[in-house]
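Asker: Protein sequences, first through last, are from chains P and E. Here the numbering used here is used: the first residue of the first sequence is 64, the next is one more, and so on. Here the numbering used here is used: the first residue of the second sequence is 1203, the next is one more, and so on. Cβ coordinates follow ideal geometry from the N, Cα and C atoms, glycine included. None of these values were measured; they are calculated from a predicted model. Handing you this structure, nothing more for now.
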Amino acid sequence: MDKVSSLNQAKVLIVGLGGLGSPVAMYLAAAGVGHLVLVDFDRVDLSNLQRQIVHDTAQIGQYKTLSAQNKLQALNPNIQISILNQALDEVVLEQQLDKINVVVDASDNFATRFAINAACVRTKTPLVSGAALRWGGQVAVFLPAQKNSPCYHCLYDNNEEQQETCSQQGIIAPLVGIIGSIQAVEVIKILLGVGKSLVGKLLIFDAYTGNWRKLQLHKDPACPVCS
Amino acid sequence: MTITVKFFASLREQIGQSEIEIDSAETVAQAWAKACNNAPLPSHILMAINQEYVDKNAAVKNGDEIAFFPPVTGG
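Shown next, in the form of structure tokens:
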């Protein structure tokens, strides 16, 4: 179940209310997506505020989910917002995916990304994945209900030792706005069944040079998650 | 035979160039080795031939553009 007749009937789960999750949540709330489920275990820190624009100085120390809920509910009081203040594993995630139309991955680590992917593949839930670091950003859409759709694991294998975060490595702040906004566009396209989705593509933006690339992805026939 | 090898984001900074031309390679891994003075191929990077995602053993032909991207997980 992905397509809905109007956005106010849709239920979208957003994992991570940081740099990417901020614009995704704000645009989807403002667009009138009927029910947003916000997942994050972290609290707002002053160092977040250069890029995590759903939060503000009055919310420092508050859970990011609560801080975002306040902002989003002020933006659109007519939508429902649920929050979950905990780190996700596959079990918790799968329990949350009931009646979810689209999952947005706006998290900041591979372990969470793999758990989200596995749960989405098992429940055949559309996944809009975004990532950004330093000057580079990526967006990909996975539609597990489609036979030929690759999954996140077809792209990255599990043995990722590399774990670079925006707070350690830095990020050019508006880049998360660009990548998160594209994620919001892809969510709306899936929900309404309009346009041509980025499924099977990896859109890569290099903010340093201003170059965009769109790679064609393939389902890995040996993928342990989706094949 | 000319093959264009491109490096993106942090790989471009590590290699010090955005693009290197090599005269031959049979696979993507060989193209990396040739362009990067036999530096080991990082295990986690993304590779593409002519904007199509491939693995390191994919065959390369004359005129191909090979691109290497670092993984990105931040958000």
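Using CA atoms only, rank isn't needed, just tell me which of N172(P), V165(P), L112(P) and A150(P) is closest to L255(P).
Answerer: The shortest C-alpha separation from L255(P) is found at V165(P).
Asker: When you compare the CB of S110(P) with every CB in chain E, is at least one pair closer than 7 Å?
Answerer: False, the Cβ-Cβ gap to chain E never drops below 7 Å.
Asker: For the beta strand (DSSP E) that S192(P) lies in, which residues bound it at each end?
Answerer: Its beta strand (DSSP E) spans residues L190 to L196.
Asker: Below 8 Å between beta carbons is the criterion; list the residues of the segment 1242-1276 of chain E that meet it against any residue of chain P, in chain order.
Answerer: Hits within the stretch, in order: S1245, H1246, L1248, A1250, Q1253, E1254, Y1255, A1269, F1271, P1272, P1273, V1274, T1275 and G1276.
Asker: Assuming the contact rule is C-beta atoms closer than 8 Å, A1269(E) and A1250(E) should be a hit. Round their C-beta distance to whole Å, please.
Answerer: About 5 Å; that satisfies the 8 Å criterion.
Asker: Determine the chain P residues that contact S1212(E) at a beta-carbon separation under 9 Å, and present them in chain order.
Answerer: The answer, in chain order, is L196, R197, W198, G199, E227 and Q232.
Asker: If you pair each beta-carbon of the segment 135-149 of chain P with each one of the segment 259-269 of chain P, do three or more pairs fall below 8 Å?
Answerer: With the cut-off at 8 Å, the segment 135-149 of chain P and the segment 259-269 of chain P do not touch.
Asker: Which residues, in chain order, does the segment 163-175 of chain P contribute to contact with chain E at a C-beta distance below 7 Å?
Answerer: Of all residues in the segment 163-175 of chain P, A169, S170, D171, N172 and F173 have a Cβ within less than 7 Å of some Cβ in chain E.
Asker: Whose Cβ in chain E lies nearer than 7 Å to the Cβ of K282(P)?
Answerer: None at all; the shortest Cβ gap to chain E is about 11 Å.
Asker: Where V202(P) and Y215(P) are concerned, what is the direct C-alpha to C-alpha distance, given to the nearest angstrom?
Answerer: V202(P) and Y215(P): Cα-Cα distance of roughly 11 Å.
Asker: Taking only three categories from DSSP, how would you classify Y126(P)?
Answerer: The answer is strand: DSSP assigns Y126(P) an E or B state.
Asker: DSSP puts V1207(E) in a beta bridge; with which residues?
Answerer: BP columns for V1207(E) point to I1222(E) and I1268(E).
Asker: Less than 7 Å between the beta carbons of G82(P) and Q115(P), yes or no?
Answerer: It is a contact, given that the beta carbons lie within the stated cut-off.
Asker: Pick out whichever of Q136(P), D119(P) and S212(P) has its Cα sitting closest to the Cα of L17(P).
Answerer: Any question about residue 17(P) goes unanswered here, given that chain P covers just 64 to 290.
Asker: Going by the CB atoms, is the gap between A73(P) and G97(P) shorter than 7 Å?
Answerer: Result yes, Cβ atoms of G97(P) and A73(P) sit closer than 7 Å.
Asker: Is it true that the segment 238-254 of chain P meets the segment 1221-1237 of chain E, where meeting means three or more beta-carbon pairs spaced less than 8 Å apart?
Answerer: Taking 8 Å as the limit for Cβ pairs, the verdict is that the segment 1221-1237 of chain E does not touch the segment 238-254 of chain P.
Asker: State the start and end residues of the unbroken beta strand (DSSP E) segment that holds K264(P).
Answerer: Element bounds for K264(P): K264 to D269.
Asker: Per DSSP, F205(P) is paired with what?
Answerer: For F205(P), which the question treats as bridged, DSSP gives the partners L190(P).
Asker: Run through DSSP, which three-state label would R185(P) get?
Answerer: Of the three classes helix, strand and coil, the one that applies to R185(P) here is helix, per DSSP.
Asker: Check whether the Cβ atoms of K282(P) and N211(P) lie closer than 7 Å to each other.
Answerer: The answer is yes: Cβ separation under 7 Å.
Asker: CA-CA distance, P126(P) and D152(P)?
Answerer: Here the sequence assigns Tyr to residue 126(P), which means Pro is not the residue at that position. Rounded to whole angstroms, Y126(P) to D152(P) spans 19 Å at the Cα level.
Asker: Using only alpha-carbon positions, find the residue among K66(P), V75(P), P86(P) and I77(P) that is nearest to G240(P).
Answerer: Among K66(P), V75(P), P86(P) and I77(P), the Cα nearest to that of G240(P) belongs to P86(P).
Asker: Taking only beta carbons into account, state which residues of the segment 80-103 of chain P come closer than 8 Å to chain E, listed in chain order.
Answerer: Residues passing the 8 Å Cβ filter: G81, G82, L83 and G84.
Asker: Report the three-state DSSP secondary structure of E1254(E) (helix, strand or coil).
Answerer: E1254(E): strand per DSSP, three-state reduction.
Asker: Thinking C-beta only, is H118(P) closer than 7 Å to V100(P)?
Answerer: For V100(P) and H118(P), no; Cβs fall outside 7 Å.
Asker: Closer than 8 Å by beta-carbon distance: list the chain E residues that pair up with Q277(P), in chain order.
Answerer: The residue asked about is misnamed: residue 277(P) is Lys in this sequence, not Gln. What K277(P) touches in chain E: Q1253.
Asker: Is the CB of D269(P) under 7 Å away from at least one CB in chain E?
Answerer: With 7 Å as the cut-off, D269(P) counts as an interface residue toward chain E.
Asker: In whole angstroms, what separates the C-alpha of T228(P) from that of H1246(E)?
Answerer: Straight-line Cα distance between these residues: approximately 16 Å.
Asker: Would you call the CB atoms of L156(P) and A174(P) closer than 7 Å?
Answerer: Taking 7 Å as the Cβ cut-off, L156(P) and A174(P) do not qualify as a contacting pair.
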